[in-house]
Every structure is written in C-alpha cells, then in structure tokens.
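Q: Before I ask anything, here is the structure I am working with.
Protein chains: 2
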Amino acid sequence: MKHIGTTLLGAALLALTAPAAAQTAPLTAAQSDPAVLGWMQGSPPPRDKQVRFDDASMWAFPQTRWTFSNWRELLPTTSIKRGAMPVAVLPRAERADLDAIRFTPLGAAAPMSWEQSLAATYTDGIVVLHKGRIVYERYFGALKPEGQHIAFSVTKSFVGTLAEALIAEGRLDPNRTMASYVPELAGSGFGDATVRQVMDMRTGLAFDESYGGADGDVARMSFAANALPLPAGYKGPLGLYAHLQTIGKNGAHGADFSYRTPNSGALGWVTERITGQSIAQQIEARYWSRMGMEQDASINVDRMGTGFAGGGMALALRDMARFGEMLRLGGRWQGQEIVSPAAVAAIFTPGDVAAFAPTNYPGLKGGSYASQWWHRPNGVTMAVGIHGQGIYIDRQAEVVIARFASFPVASNVNINPVTIPAYDAMVAKLAE
Amino acid sequence: MKHIGTTLLGAALLALTAPAAAQTAPLTAAQSDPAVLGWMQGSPPPRDKQVRFDDASMWAFPQTRWTFSNWRELLPTTSIKRGAMPVAVLPRAERADLDAIRFTPLGAAAPMSWEQSLAATYTDGIVVLHKGRIVYERYFGALKPEGQHIAFSVTKSFVGTLAEALIAEGRLDPNRTMASYVPELAGSGFGDATVRQVMDMRTGLAFDESYGGADGDVARMSFAANALPLPAGYKGPLGLYAHLQTIGKNGAHGADFSYRTPNSGALGWVTERITGQSIAQQIEARYWSRMGMEQDASINVDRMGTGFAGGGMALALRDMARFGEMLRLGGRWQGQEIVSPAAVAAIFTPGDVAAFAPTNYPGLKGGSYASQWWHRPNGVTMAVGIHGQGIYIDRQAEVVIARFASFPVASNVNINPVTIPAYDAMVAKLAE
Chain A
1 MKHIGTTLLG
11 AALLALTAPA
21 AAQTAPLTAA
31 QSDPAVLGWM
41 QGSPPPRDKQ
51 VRFDDASMWA
61 FPQTRWTFSN
71 WRELLPTTSI
81 KRGAMPVAVL
91 PRAERADLDA
101 IRFTPLGAAA
111 PMSWEQSLAA
121 TYTDGIVVLH
131 KGRIVYERYF
141 GALKPEGQHI
151 AFSVTKSFVG
161 TLAEALIAEG
171 RLDPNRTMAS
181 YVPELAGSGF
191 GDATVRQVMD
201 MRTGLAFDES
211 YGGADGDVAR
221 MSFAANALPL
231 PAGYKGPLGL
241 YAHLQTIGKN
251 GAHGADFSYR
261 TPNSGALGWV
271 TERITGQSIA
281 QQIEARYWSR
291 MGMEQDASIN
301 VDRMGTGFAG
311 GGMALALRDM
321 ARFGEMLRLG
331 GRWQGQEIVS
341 PAAVAAIFTP
351 GDVAAFAPTN
361 YPGLKGGSYA
371 SQWWHRPNGV
381 TMAVGIHGQG
391 IYIDRQAEVV
401 IARFASFPVA
411 SNVNINPVTI
421 PAYDAMVAKL
431 AE
Chain B
1001 MKHIGTTLLG
1011 AALLALTAPA
1021 AAQTAPLTAA
1031 QSDPAVLGWM
1041 QGSPPPRDKQ
1051 VRFDDASMWA
1061 FPQTRWTFSN
1071 WRELLPTTSI
1081 KRGAMPVAVL
1091 PRAERADLDA
1101 IRFTPLGAAA
1111 PMSWEQSLAA
1121 TYTDGIVVLH
1131 KGRIVYERYF
1141 GALKPEGQHI
1151 AFSVTKSFVG
1161 TLAEALIAEG
1171 RLDPNRTMAS
1181 YVPELAGSGF
1191 GDATVRQVMD
1201 MRTGLAFDES
1211 YGGADGDVAR
1221 MSFAANALPL
1231 PAGYKGPLGL
1241 YAHLQTIGKN
1251 GAHGADFSYR
1261 TPNSGALGWV
1271 TERITGQSIA
1281 QQIEARYWSR
1291 MGMEQDASIN
1301 VDRMGTGFAG
1311 GGMALALRDM
1321 ARFGEMLRLG
1331 GRWQGQEIVS
1341 PAAVAAIFTP
1351 GDVAAFAPTN
1361 YPGLKGGSYA
1371 SQWWHRPNGV
1381 TMAVGIHGQG
1391 IYIDRQAEVV
1401 IARFASFPVA
1411 SNVNINPVTI
1421 PAYDAMVAKL
1431 AE
C-alpha cells in the first residue's frame, strides 16, 4: 500500500516543511480553491501567497492546488510538441443527467452523487468519453481546458507504452537484463533484472518509496530530479540516471509486485538508449505529433536534460483522454496506426494477479500491474498518478475517463474508494 | 555603446567562467553548430557535452548555440498560449535569387553575399516578409520552424507595445511618475521618473549595464531573475521587483538616452499593476490568443512568478514575424484590430534624436529610441535583442524581417555592421 501512499516528491517535502501542517484537517475543495486563496495573485504576490520551488512551498497543500496546474512555472521542462496537425476535435454529446448519478463509496455508509464526488476528490478536471464522444467535462481549481496539469505517475504508462512498442518492433527483448541495454546499471540493483521485471515492477530494489525524512529514498530521488531544493552541503547525485546507479538490491527480482518509481526511470533509460531519443522526443514522435493533440505537453527535466519518466509529464486533460481513447480503439486514430496491435494487446493484458494480491489496494482486489499499467479484474486498464491523476479505459463499456486532481494526500488509497465506485456507476448509467 | 555591448545575463557569466574562454577566437557558425558539437546528446550526455543552469555553462559560447533554442529546459517559464484559433498561415512567394544579394558591411573593404552574412552573424533563423508573403526563410543550428528561441530584449518591445496600448486606452498617463503607479518604487531611483522617461530609457538610474564582475549590476539583476545560480552566501533580492527597488539614481531623469534593462522591468510592473495581469497574461490576451500564432510563446520567471520583461520571451520565428507584420499593417490582422491606431502611431514615432546621438551605434546614426523600440532615420522601426535577435519593420518598403541568432558576443555593435547593410540590400532587391 505504501507506494501510492507516497507523494513521490511530496514525501521529501514533509521533511522540509512543518509536519504539523500535514496533520491538520485539510481544507475542502471549495475552501482550497486557488483563486479563493489567492495564490500567486498580485505583482508580485505577497510573500504568504507565493508558491515557490526554492522554499518547497510548491509541494504543500493547499498550494498544490495551484502548483499542479502551473508546473512549468516552477521547474525546468522540455516540450512535447503537438506539431502542425489540425486538432482532432472530440465530438460532443454532453448529458445533463450525469451529475445526479449516485453511488456509495467503498467503506462508506451513505451514498453520494457524482457531482459531490468531484469535490470530495479535489478534482481539477475530468472528461468522460463514451463511444468516442465527450458526454461529460468539467474544470475546477486552477485548471482550464487550455491548460496543462501534472500527470505524475500517469507518465509511467506512457513510458510503458513506448517500451511495448519497441518490443513489438523487435527492438527490445523483455527477457534480456537491464545491464545488457544500459551497462551503467550493471553495478546497481537493476543490473540483473530483466526488462520485463522492471516493466512489471517486480524487482527487489533497495528503494523504499514511502514517506521519509530529508535523507529518505524518495527525497534522494527528488533532489536528483531537480524537483526539490538541495539541502546545504548536498553531496548526492545531481541527475536522475546518476541516482539510479546508486540503488542497490534487497531481494530477488521476479517476486511480488512492489511499486517503485525508479523502475520507470530505468525503463525510460533503456528506451532512450535503444532509440537515441529522449523520452520526450519519443512521445512527441510517436504520439503527440501524430494525433492532433490540442496542446503541447511537457516533462520536467533534471540538470542535464533527462526527463522524469517516473512522473514528470504535464499535459492537457483532453489530450490525455485522446491517448486513452486511441488505445481503446486498438491503437488507431484518424485512420493511422499509432500503437501497433501487438503493443496494444500487451498493454491490455493483465499482469500476475498473485504477485499483486498482497498490495490489497481498495477497489483493486483481483487486479494486477503490468507494463506500467494497472488492471482491474473487470477488464479495465488504468494509468494512475498520485493525488488523483488517471486514465481509465473500459473497452467493454466503450468508456474512457481522464482525470486531474489535487487531493491533499498523495495516496490514491484515499481516492480510489470514491473514484472506483463512481466510475462503475458512470459506466452503468451510460450503458442504460 | 556599452548597453548592447552587454550580455544582460551573460555578463555575470563572465565572472563565473574563465575569462580566457571569451578571449580566444570564437568558432565559426559551422564549427559551432550544436549538432556537430553534440551538446546534450546521449542519455545522459557526457559531462563535457552538458549545457546546464547550475554551472552557468548555458551562458558560455558555443553552448549558447544550444541554449538559445532550448530555453524552457534550463529555466522555469510561464506560457503565453496561442489559444484555439486556426493558424494564420503566412502566404509564400519564396525566391531563389536572394541568397546571391551582395553588400559591403560597414567598415569592411570587401563585399559579402546575403547567404554568407547568415553564417557571419551566427543566424539561427531568419524570415523575410515582403508585402505579407514569405520570400525567404532559413533555419540553422538548434532552431527548427516548430521551435522557440529566446528573443532577449525584443521582449522589451512587446512590453512597450502593451504600454502604448494602455496609453491609447486612457489607462496609463505617461506623464505621471512611476511611484504614482507602483508605490513600492517611491524610494528607488525610479520613483520620480515619469512613465515616458522610463519607456524611452531616459532615466538617470544608478545601474551600469556593462560587463561586470560577479558583484556587478547585471549579475545582481540576473541573480534576482533566477537566471544565474546564486553564489554561496548570496543575500541579495530573490525577485525582479525586489531588485528594482534596490536601484538608486545617479543623474537627472529626462537627459540622454541610456539603455538600462531595469527600465523595462519597471514599465512591465506598471502595466501589471494597472491591468491586474502579468506580462505573460497581457501578451497572451492581446496578441497571442488573437493572431493565429503557430506556437505558444513563453517568458522565464523569477522565484515568485514575475516574468523577465527585460528579455525573457521565447517564441517561434514566424510568430515574431507575424507580430511585426501586424504592426506594419497598422495594428490590424485578419480583419481584427490587435493594436489601436494611436498605439501603432506611437510605436512608429521616432524618439529624441539628439538624446540618442551620443550612443554612436554603428548603422544607427540619426536614429532614436522610444517606447522600447529602436528607430533608424530612414523610417525603419526595430526590436533588438543581444546576440542578434530582432524584428525589422520597413513600412515604406513593405518589408518585415524576423531574426534569431546566437552570435558569440552579446553586443549588436558587432552584428549591426553586417545586418544593417544586408537588410538595406534586401530591401533594394525586393523593390526592383
């Protein structure tokens, strides 16, 4: 459970900001609306309304409600360009009857409405596609349709899709070791892991992706990622790839699923070494420049330009929906093959259920994880990021949901009990 | 002469990097091609091929040939969005006979061709519009048509255009003092300057915009701008507006023209205070979202989100040309008024020639500066940024030229002797 209970970078924040702040009852979505609180308003904003990198305030709730929709203003980023294609306009068939959908959150006694669920989960934006049409779309907080929101670990699923594409093309052998592709990893815990073990997060790495102090593993990753200010006297790695090489082993590879973000970074490294292109360049070449996306996307970079494959993409909500819809359609989009049938099949194939079972995630009993994607036992495939980011693909129901949020706590363990039954109720309603 | 002889931020670099490097004969454009030199190639790039913020290597030539086309990857930036309008495609009437144009650079004995001039000035991209049509367009180095390049002080002319728009709308009185709009400036050298004196850079500020040491004025501005790593023990201002308040007075306002970048920052501050919008938001609302631009633009920001009005815009070459062309057309674009006739008239009205005369800039004898724009005596109006950035508007000849470059030395004093006669020869050829 601990992985999604970890705010990747926010964990390190806990060590830098007053822990007491995280323990008080959080403001509601309405109370924490960034416009109401006035974050970054004024020229310049008053000191207590500034959201900054250098004091790590960007990682504190409720500032995160502004941060997550203004990523490039806080961190160096590289662009993932949409190119010159006309926008692939998503047809609309919006319905007024969906806000009233009712469902009971997992473990709750009383039902709530779909509309109530959006505030309960601090939703910044959500779009529901049914049979390719937008049936529902809302924006809250600091997000606008033309804005970009950090996707956190949804990024991993883009990287996993790149890897499956390379496998389908015969350019990546998932049974080979990581060190055979990236010799620099030979001396690390990754060295003798297979690519498949890394893709499925079944590695025995000595990396504790849980809340820690300023000297915890997550903090160390964040310092290397250039996503947290360096403490005085910092002597650690200054880049993501240098950081990966410091990670050792504390168990056998190939055992139970254990969610550790560095797996995604190492997988990204393999794809970069094979293609000679950065993650950003690959995503641009394969997807962004070929799908009529509305907006450029981006990924934050470390000090030497390495994109944060574990969680650094920021993109527009409808573009995230387009990516999910393209996969739902079998990898084809506007008459073009974007992802090959073999890669699509791999993405929609669940992982090892037994290896996943010990996680006991709410709403994911009987589920699995494979190729950097999550699977529910009902055939639903998901990309998931902390604080409530996600792509939800239900092929049987012909439904795709894309969602951005700024839930006060990183863990989707706190969010799934609402969103999973909400999505089930939405799917049922759309099937009527 | 000293102003354009100053690399705004690069000046501080000189104090941080080995001065000897700046004194050796620079590589030619071909020798310094970023692809040839391999900057930022590899995953990760080898240490000696990295272009970084934290070691200030981003400011050293020849790394600058990569830096200037990859701005957002090195600094936090905020976007200036193009919005949802269809692209205003620039019609093409490209000519094959323009590369052979010959001219003699100022002070030179031998002529050179237009084509040779592009390499001589380390051009990254240039587009020539004649009667609204693209007659010539080239890209070099790290710039592509779909990329964005730092415009440096061309940014000032966007800010000056915003100010003239506010004056035309009766929202800004150029005869009022700066302190009357921004009380925080009352105790600074700006306090009793009129807005007009600031717009025309005729202020007696104690700011030396010339090459200096790590404790020079330009370095101090760059530290505050979040554009240079802070030296150990840094105690100075952490934001651009805090920095402006530290600038005193060393002479009377209203005397000779003296180019000092903080004027543009203070002017931007006035426009932000009047409109309640950041520079980026104003440029987006007035221009980018209404002109069918091809790309989003951006501006780098300090630690609290203030855009660098003195030189932080990065944009696509053709979009910079569109802005110039819109002004050439009297402020109208695709049937819409983008800039009011009064503001356009102000932008095209030269400044005080006598106040400008002491500068003795090559190619600008008899010229002037007003409203953050440059004027040649022949009726040409220009936006100019260090290292060879520029917009060149010749209304009589119906010619607009937009240019990005990465000349090794900041000063346009070294570039004008080539570009000014080159543009004259281009205009003459197009008039045949």
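Chains A and B, in that order, give the protein sequences. So for the first sequence, this note's numbering puts the first residue at 1; every next one is plus one. So for the second sequence, this note's numbering puts the first residue at 1001; every next one is plus one. Glycine included, each C-beta is placed from N, C-alpha and C at the ideal position. Note that the structure is predicted; figures quoted are calculated from it, not measured.
(1) Measuring CB to CB, does residue 1152/B end up less than 8 angstroms from residue 1422/B?
(2) Can you give the Cα-Cα distance for residue 430/A and residue 1082/B, rounded to whole angstroms?
(3) My parser needs the beta strand (DSSP E) runs of 3 or more residues fully inside the region 248 to 310 of chain A; what are they?
(4) Is it true that the region 64 to 73 of chain A meets the region 1075 to 1092 of chain B, where meeting means three or more beta-carbon pairs spaced less than 8 angstroms apart?
(5) Would you identify the three-state DSSP class for residue 204/A, choosing helix, strand or coil?
(6) Between residue 1155/B and chain A, is the shortest Cβ-Cβ distance under 8 angstroms, so that the two count as touching?
(7) What distance in whole Å lies between the Cβ atoms of residue 1297/B and residue 1309/B, which are believed to be in contact at a cut-off of 8 angstroms?
(8) List the DSSP bridge partners of residue 1220/B.
(9) Going by the CB atoms, is the gap between residue 1101/B and residue 1425/B shorter than 8 angstroms?
(10) Any C-beta of chain B sitting closer than 8 angstroms to the C-beta of residue 212/A?
(11) Where does residue 324/A sit, in a helix, a strand or coil, going by DSSP?
(12) So what does DSSP say about residue 1404/B, is it helix, strand or coil?
(13) Quick check on the DSSP output: what are the complete alpha helix (DSSP H) runs of length 4 or more inside the region 1351 to 1400 of chain B, in order along the chain?
(14) If you reduce the DSSP assignment to three classes, tell me which class residue 1122/B lands in.
(15) So residue 1229/B and residue 1048/B are in contact, right, with Cβ under 8 angstroms, and what is the actual spacing, rounded?
(16) Name the chain A residues whose beta carbon is nearer than 8 angstroms to that of residue 1273/B?
(17) In the DSSP assignment, what residue or residues form a beta bridge with residue 332/A?
(18) Determine which residues of the region 233 to 252 of chain A have a Cβ less than 9 angstroms from any Cβ of chain B, and write them out in chain order.
(19) Determine the DSSP secondary structure at residue 465/A, reduced to helix, strand or coil.
(20) Along chain B, in chain order, which residues have C-beta atoms closer than 8 angstroms to that of residue 57/A?
(21) For residue 306/A, decide whether its Cβ has a neighbour in chain B, counting only Cβ atoms nearer than 8 angstroms.
(22) Can you tell me where the beta strand (DSSP E) with residue 313/A in it begins and where it stops?
(23) Under a three-way DSSP split, which group does residue 1228/B fall into?
(24) Can you give the Cα-Cα distance for residue 1021/B and residue 1397/B, rounded to whole angstroms?
(25) Which bits of chain A does residue 1075/B rub up against, with CB to CB less than 8 angstroms?
(26) Restricting to Cα atoms, I'd like to know which of 1141/B, 1189/B, 1111/B and 1137/B is closest to residue 1122/B.
(27) May I ask which residues mark the beginning and end of the alpha helix (DSSP H) holding residue 1196/B?
(28) Nearest to residue 191/A by alpha carbon, out of 202/A, 199/A, 200/A and 177/A?
(29) Going by DSSP in three states, residue 129/A sits in which element: helix, strand or coil?
(30) Identify the contact partners of residue 269/A in chain B, using a Cβ-Cβ distance below 7 angstroms as the criterion.
(31) Alpha helix (DSSP H) containing residue 419/A: first to last residue?
(32) What does the Cβ neighbour count give for residue 85/A, buried or exposed, with the cut at 16 atoms within 10 Å?
(33) Have a look at residue 1212/B and residue 1221/B and give me their C-alpha separation to the nearest angstrom.
(34) Within 10 angstroms of the Cβ of residue 1092/B, are there 16 or more other Cβ atoms? Answer buried if so, exposed if not.
(35) Between the region 136 to 155 of chain A and chain B, which residues of the former have a C-beta closer than 7 angstroms to a C-beta of the latter?
(36) Ignore the nearest five residues each way along the sequence and tell me which others in residue 181/A's own chain have a CB closer than 6 angstroms to its CB.
A: Well, looking at it:
(1) The residue labelled residue 1152/B in the question sits at position 152 within the second sequence. The residue labelled residue 1422/B in the question sits at position 422 within the second sequence. No.
(2) Locating residue 430/A in the first sequence gives position 430, where the first residue counts as 1. Locating residue 1082/B in the second sequence gives position 82, where the first residue counts as 1. Roughly 35 angstroms between the two C-alpha positions.
(3) 297 to 300
(4) The region 64 to 73 of chain A vs the region 1075 to 1092 of chain B: in contact.
(5) In the first sequence, residue 204/A corresponds to position 204, counting from 1. Residue 204/A: coil per DSSP, three-state reduction.
(6) Working through the second sequence from its first residue, we reach residue 1155/B at position 155. It does not: the Cβ of residue 1155/B has no partner Cβ on chain A nearer than 8 angstroms.
(7) Working through the second sequence from its first residue, we reach residue 1309/B at position 309. Working through the second sequence from its first residue, we reach residue 1297/B at position 297. Going by Cβ atoms, the distance from residue 1309/B to residue 1297/B rounds to 14 angstroms, so no, they are not a contact pair.
(8) Position 220 of the second sequence, counting from 1, holds the residue named residue 1220/B. Partner(s): none; residue 1220/B has no beta bridge.
(9) Taking the second sequence and counting its residues from 1, one reaches residue 1425/B at position 425. Taking the second sequence and counting its residues from 1, one reaches residue 1101/B at position 101. Yes, the pair counts as a contact, with Cβ atoms nearer than the cut-off.
(10) Position 212 of the first sequence, counted from the first residue, corresponds to residue 212/A. At residue 212/A the pLDDT is 49, less than 50, meaning the model places this residue with poor confidence; the figure from the coordinates comes in the next sentence. False, the Cβ-Cβ gap to chain B never drops below 8 angstroms.
(11) Indexing the first sequence from 1 puts residue 324/A at position 324. Correct three-state label for residue 324/A: helix.
(12) Taking the first residue of the second sequence as 1, we reach residue 1404/B at position 404. Residue 1404/B: strand per DSSP, three-state reduction.
(13) Counting whole runs of 4 or more residues, the region 1351 to 1400 of chain B contains the alpha helix (DSSP H) stretches 1353 to 1356.
(14) Here residue 1122/B corresponds to residue number 122 of the second sequence, with the count starting at 1. It is coil, neither helix nor strand.
(15) As a first step, residue 1229/B is located in the second sequence; it is residue number 229 there, counting from the start. As a first step, residue 1048/B is located in the second sequence; it is residue number 48 there, counting from the start. With 8 angstroms as the limit, residue 1229/B and residue 1048/B do not qualify as a contact, their Cβ atoms being about 19 angstroms apart.
(16) Within the second sequence, the letter at position 273 stands for residue 1273/B. The contacting residues are 43.
(17) Translated into positions along the first sequence, residue 332/A becomes position 332. Looking at the DSSP assignment, residue 332/A forms a beta bridge with 337/A.
(18) 238, 239, 240, 241 and 242
(19) Not covered by the structure: residue 465/A. The range shown for chain A is 1 to 432.
(20) Along the first sequence, one-based indexing puts residue 57/A at 57. In chain order: nothing, as chain B lies at least about 10 angstroms away.
(21) Along the first sequence, read from residue 1 onward, the residue named residue 306/A stands at position 306. Answer yes: the Cβ-Cβ gap between residue 306/A and chain B drops below 8 angstroms somewhere.
(22) On the first sequence, residue 313/A is found 313 positions in, with the first residue counted as 1. Residue 313/A -> beta strand (DSSP E) spans 313 to 315.
(23) Translated into positions along the second sequence, residue 1228/B becomes position 228. DSSP places residue 1228/B in coil when its eight states are reduced to three.
(24) For the purposes of this step, residue 1021/B is taken as the residue at position 21 of the second sequence. For the purposes of this step, residue 1397/B is taken as the residue at position 397 of the second sequence. With a pLDDT of only 46 at residue 1021/B, under the threshold of 50, the placement of this residue in the model should not be trusted; the figure read from the coordinates follows. Approximately 42 angstroms, taken between the alpha carbons.
(25) Numbered from its first residue, the second sequence carries residue 1075/B at position 75. Here the neighbours are 76.
(26) In the second sequence, counting from the first residue as 1, residue 1122/B sits at position 122. Measuring from the Cα of residue 1122/B, the nearest candidate turns out to be 1141/B.
(27) Residue mapping note: residue 1196/B aligns to position 196 of the second sequence, counting from 1. Note, residue 1196/B: alpha helix (DSSP H), 1195 to 1199.
(28) Numbered from its first residue, the first sequence carries residue 191/A at position 191. With respect to the C-alpha of residue 191/A, the residue from 202/A, 199/A, 200/A and 177/A having the closest C-alpha is 177/A.
(29) Indexing the first sequence from 1 puts residue 129/A at position 129. In the structure shown, residue 129/A sits in a strand (DSSP, three-state: E or B).
(30) For this step, residue 269/A is matched to residue 269 along the first sequence. 1043, listed in chain order.
(31) As a working mapping, residue 419/A is identified with position 419 in the first sequence. That run of the alpha helix (DSSP H) goes 416 to 430.
(32) The residue given as residue 85/A occupies position 85 in the first sequence. Residue 85/A is exposed by the Cβ-count criterion.
(33) Here residue 1212/B refers to the residue found at position 212 when the second sequence is read from its first residue. Here residue 1221/B refers to the residue found at position 221 when the second sequence is read from its first residue. Its pLDDT being 49, under 50, residue 1212/B is placed unreliably by the model, and the measurement read from it follows with that caveat. Rounded to whole angstroms, residue 1212/B to residue 1221/B spans 12 angstroms at the Cα level.
(34) Position 92 of the second sequence, counted from the first residue, corresponds to residue 1092/B. That one is exposed.
(35) Residues of the region 136 to 155 of chain A whose Cβ lies closer than 7 angstroms to any Cβ of chain B, in chain order: 146.
(36) In the first sequence, counting from the first residue as 1, residue 181/A sits at position 181. So the list reads 270 and 273, once near-sequence residues are dropped.
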